[in-house]
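Q: This is the structure, below, for whatever I ask next.
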Amino acid sequence: QKEVEQNSGPLSVPEGAIASLNCTYSDRVSQSFFWYRQYSGKSPELIMSIYSNGDKEDGRFTAQLNKASQYVSLLIRDSQPSDSATYLCAVIGLTGGGNKLTFGTGTQLKVEL
Amino acid sequence: EPEVTQTPSHQVTQMGQEVILRCVPISNHLYFYWYRQILGQKVEFLVSFYNNEISEKSEIFDDQFSVERPDGSNFTLKIRSTKLEDSAMYFCARVGQGMNTEAFFGQGTRLTVV
């Protein structure tokens, strides 16, 4: 069973701080990794995709991937109250999985004033 | 602007009734997915649809479910005889082709079975 694990939170950070969200996955041959943001009652919104080991930066967001440790993270710099949402980690594997996404349960982030 | 548009946004139906959920792509993509999310739970894969055929389906996607592209543009997810446990958000997503595997979700349909 391919799994994606996330701490459900809530993770509370003060406005302006760095929020660090973590995700581990069990399928060693996974190749594509994504972070989605989901507001309550809304659909997942793609924030970042990452395919290679290392860091990938986009504005205030940085995704980090370590395939050896089967670990992917998302850093949000200068956190804003509007960043308060659930962040979903999703993975595409290779072994007979096509391009379907396997999601974690999500980490709830609360950015406090 | 959403990549795909889903209708209706909310559907209430009685147990045992058939429902049809619709997904309208903005552009002419070939690869689409249906996912569902039961309240408070993770997003789960249901089925992928490529070039007018099912390419993969999950254990959830049993004989009660079907997908079609009836008019060459809209995609539909049909649940033949709804159960209480089918109550969930249903998302359609379009996926890029080749090396671009990013998935973009529609706004979802909230299905409530009473």
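Each protein sequence line maps, in turn, to chains A and B. First residue of the first sequence? That's 443 in my numbering, and the numbers climb one at a time after it. First residue of the second sequence? That's 9 in my numbering, and the numbers climb one at a time after it. Ideal placement from N, C-alpha and C gives every residue a C-beta, glycine not left out. For clarity, every value in this text was computed on a predicted model and none was experimentally measured.
1) Return the CA-CA distance between residue 78 (chain B) and residue 30 (chain B), expressed in angstroms with no decimal places.
2) Quick test of the definition: if touching needs 3 or more C-beta pairs under 8 Å, does the stretch 527-546 of chain A touch the stretch 70-85 of chain B?
3) Going along chain A, which residues have a C-beta under 7 Å from residue 57 (chain B)?
4) Quick check on residue 109 (chain B) - is its C-beta less than 7 Å from some C-beta in chain A?
5) Counting Cβ pairs, one atom from each stretch, are 3 or more of them under 8 Å apart for the stretch 510-526 of chain A and the stretch 458-477 of chain A?
6) On the criterion of 16 or more Cβ atoms from any shown chain inside 10 Å, does residue 119 (chain B) qualify as buried, or is it exposed?
7) Please state whether the Cβ-Cβ distance between residue 544 (chain A) and residue 450 (chain A) is less than 7 Å.
8) How about residue 468 (chain A) and residue 499 (chain A): are their beta carbons less than 7 Å apart?
9) Could you run through the stretch 63-78 of chain B and flag, in chain order, every residue whose CB is less than 9 Å away from some CB of chain D?
A: Looking at the atomic coordinates:
1) As a first step, residue 78 (chain B) must be located in the second sequence, where it is residue number 70. As a first step, residue 30 (chain B) must be located in the second sequence, where it is residue number 22. Each residue's Cα considered, the two are about 11 Å apart.
2) no
3) Indexing the second sequence from 1 puts residue 57 (chain B) at position 49. Those within 7 Å of residue 57 (chain B) in chain A number zero; the least Cβ separation is about 11 Å.
4) Numbered from its first residue, the second sequence carries residue 109 (chain B) at position 101. Yes, its Cβ sits closer than 7 Å to a Cβ of chain A.
5) yes
6) As a position in the second sequence, residue 119 (chain B) is number 111, starting the count at 1. Result: buried.
7) Against the first sequence, residue 544 (chain A) aligns to sequence position 102. Against the first sequence, residue 450 (chain A) aligns to sequence position 8. Contact flag unset, no.
8) Taking the first residue of the first sequence as position 1, residue 468 (chain A) is located at position 26. Taking the first residue of the first sequence as position 1, residue 499 (chain A) is located at position 57. No, Cβ-Cβ distance for residue 468 (chain A) and residue 499 (chain A) is not below 7 Å.
9) Judged by its chain identifiers, the structure shown contains no chain D, and its protein chains are A and B.
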